[in-house]
Amino acid sequence: MEEMMNQPMGQEASMMGAEQEASMMGAEQEAPIENDQALSAAVDIVGQELYAGETAVKIGEAFKKAGTVTPKMVAAMAYKLAQKADTETGGEILEENLAYLGVVTLSEILEIAGASDIDVNPEFVSKAMKQLVLVFVSDQGMDASALEQQFNNIDDKDFAKFEGEVRSKTEGQQVEQEPMMEAAENGNG
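Read the sequence shown against our numbering and you will find it ends at 1450, with the numbers running on by one and no gaps.
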């Protein structure tokens, strides 16, 4: 698991700013994918990376072998994959849509985790979303400790609800995943 997380998935890329963090705190967003071709391409890249090859199966196998899978591990994987997708689009995703890419990617990794018998309950989802933001902040060279303290005051149900809303808005926009998810669920690669 650790070696999979440490594999480079692309160059450093900016994923979220202060506005995106605020949107993760509960502000409604229109479906930004319709107005941002680079975002649409990045979502496709995430789908291709996960489901057109064996990445989803390998992640699922790694989850099953790990013993303990933490929200931080899941968030780190999602962040690296979102970075790769942003980089592959030339960094052309509209700044206000980078959080959306992060949440869509996290949602996919959470799906794989759930298919791998990880208990992806609302608290786990919330902690993973919070960790996604903290990974970004730390990656930008900022001290994430103050933000982490603020996150302790946010109800986990709100974060989990936001992830579910993004998932429902993006259904059908990723690569066909059912055959790969079945393989991940069965531990076949």
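Just so it is clear, CB atoms sit at the ideal spot from N, CA and C, and this is done for glycine as well.
This structure is a prediction, so every number in the text was calculated from the model and none was measured.
From this set, the options, which residue's C-alpha is nearest residue i's C-alpha?
i        : options                                : result
Ser-1399 : Val-1365, Asp-1416, Glu-1349, Lys-1333 : Lys-1333
Ala-1317 : Asp-1297, Gln-1298, Ala-1303, Leu-1342 : Leu-1342
Leu-1367 : Met-1390, Val-1381, Asn-1382           : Met-1390
Asn-1414 : Lys-1388, Gln-1401, Glu-1369           : Lys-1388
Gln-1298 : Thr-1350, Phe-1412, Gln-1411           : Thr-1350
According to the neighbour-count rule (16 or more other Cβ atoms, all chains shown, within 10 Å of its Cβ), is residue i buried or exposed?
i        : result
Ser-1406 : exposed
Met-1403 : exposed
Gly-1308 : buried
Glu-1295 : exposed
Once the 5 residues before and after residue i are set aside, which same chain residues still bring their CB inside 6 Å of it?
i        : result
Lys-1422 : none
Phe-1324 : Val-1330, Ala-1374, Ser-1377, Ile-1379
Out of curiosity, what's the CA-to-CA distance linking residue i and residue j?
i        : j        : result
Met-1338 : Asp-1417 : 21 Å
Gln-1392 : Leu-1355 : 22 Å
Thr-1348 : Asn-1358 : 14 Å
Glu-1384 : Ala-1313 : 30 Å
Gly-1363 : Ala-1336 : 9 Å
Asp-1419 : Tyr-1340 : 20 Å
Ser-1284 : Ile-1306 : Any reading at Ser-1284 must be qualified, since the residue scores a pLDDT of 42, below 50, and its modelled position is unreliable; no value is offered.
Ala-1303 : Ala-1360 : 12 Å
Would you verify that the beta carbon of residue i is, or is not, closer than 8 Å to some beta carbon of chain D?
i        : result
Thr-1348 : Absent from the structure: chain D. Only one protein chain is present.
Please list the segments of the alpha helix (DSSP H) lying wholly inside the region 1340-1399, counting only runs of 4 or more residues, in order along the chain. The qualifying runs are 1359-1376.
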